[in-house]
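All remarks here apply to the structure that follows.
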Amino acid sequence: MIDVELGPIRPPSEHQSLLLRLTRGCSWNRCFFCGLYKGMRFSVRSTEEVIDDIKKYAAYYGERASFFKSCFLQDGDAFNIPAKDLLSILHTLKKYFPALQAVTTYARCDSILKKTENELQALCEAGLNHLYRGIETGSDTILQKINKGITAEQIVKSGLAAKKAGMTLSEFTLLGIGGKSLSEENAIETAKVINAVNPEFIRVHHTAFKPNTKLGRDVEKFP
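The sequence shown begins at 2 in the working numbering and counts up one residue at a time.
In structure tokens form, the structure reads like this:
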């Protein structure tokens, strides 16, 4: 077994990707519907630790390293770390895995907005060319109710900034996240932000009520 640190999740489409953990947990970790990182304090792995994992991977796979065409940067918001550290990691990845065609990661909208236009472009040119974003909904009412910590305006602004830099986007949305009373608003407002951003991929998920979340506990109160 190769001794590298791995996070708990990756998108299904990244099943053949090299997995490289940059952070532990989620920088926000306050959404009322998500229980994945509850009890886990957000932390950033040092650049040296991450680069050491890249070298371990390269030594382990040897000539087979050319099998990997993509690399997914874990965990919940690896895009949160400073651009200079990301660039150092990306350059090392390219050195040891020259066959990589895509480097991808989860990215919160506010994390994208913390990067300058030049930083976003530099990251894309260094290989970080696809972002997965859990926007959930385009309704500001629902975003506030689920404590997402972003607004519809931020969703659009950050999405357009990433695309301007040359990145492609996968947007995750949640069916039923506003309940019956806000179902129409959810559909209409989500369509608005999706149309405004025009992402390359849209991924639609149903809302699950997990017992270790505020939303799940609220649902359990009703018979």
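For each residue, glycine too, the CB sits at the ideal point set by N, CA and C. Every value quoted in this text rests on a predicted model; they were computed, and no experiment measured them.
>> Need the endpoints of the alpha helix (DSSP H) that Gln122 sits in, please.
In response: Residues Glu118 to Glu126.
>> For Asn130, which residues in the same chain have their Cβ closer than 8 Å to its Cβ, ignoring the five residues on either side in sequence?
In response: Ala103, Val104, Thr105, Gly167, Met168 and Thr169
> Rounded to whole angstroms, how far is the Cβ of Ile3 from the Cβ of Tyr58, which I believe are closer than 8 Å?
Replying inline: 7 Å
> Which term fits Gln17, buried or exposed, when burial requires 16 or more other beta carbons within 10 angstroms of its beta carbon?
Replying inline: exposed
>> Measuring alpha carbon to alpha carbon, tell me which residue in Lys96, Leu87 and Arg204 is nearest Thr138.
In response: Nearest C-alpha to Thr138: Arg204.
> Do you know offhand how far Asn187's Cα is from Arg31's?
Replying inline: 21 Å
>> Quick check on DSSP: helix, strand or coil for Ala202?
In response: According to the sequence displayed, residue 202 carries Phe and not Ala. Strand at Phe202.
>> Since Ala84 and Glu120 should fall inside the 8 Å C-beta cutoff, what is the C-beta to C-beta distance between them, to a whole number of angstroms?
In response: 4 Å
> Can you list, in chain order, the residues of its chain whose CB lies under 7 Å from that of Lys149, leaving out five sequence neighbours each side?
Replying inline: Cys32 and Glu137
> Name the DSSP bridge partner or partners of Ser171?
Replying inline: Tyr133 and Phe202
> According to DSSP, which residues form a beta bridge with Arg25?
Replying inline: When DSSP reads this structure, Arg25 sits in a beta bridge with Ser44.
> Is the beta carbon of Gly36 sitting closer than 8 Å to the one on Lys222?
Replying inline: no
>> Nearest by alpha-carbon distance to Thr208: which of Pro200, Glu49, Ala197 and Val220 is it?
In response: Closest by alpha carbon: Val220.
>> Between the alpha carbons of Thr93 and Leu23, how many angstroms are there, rounded?
In response: Inter-residue distance for Thr93 and Leu23 is about 13 Å (C-alpha atoms, whole angstroms).
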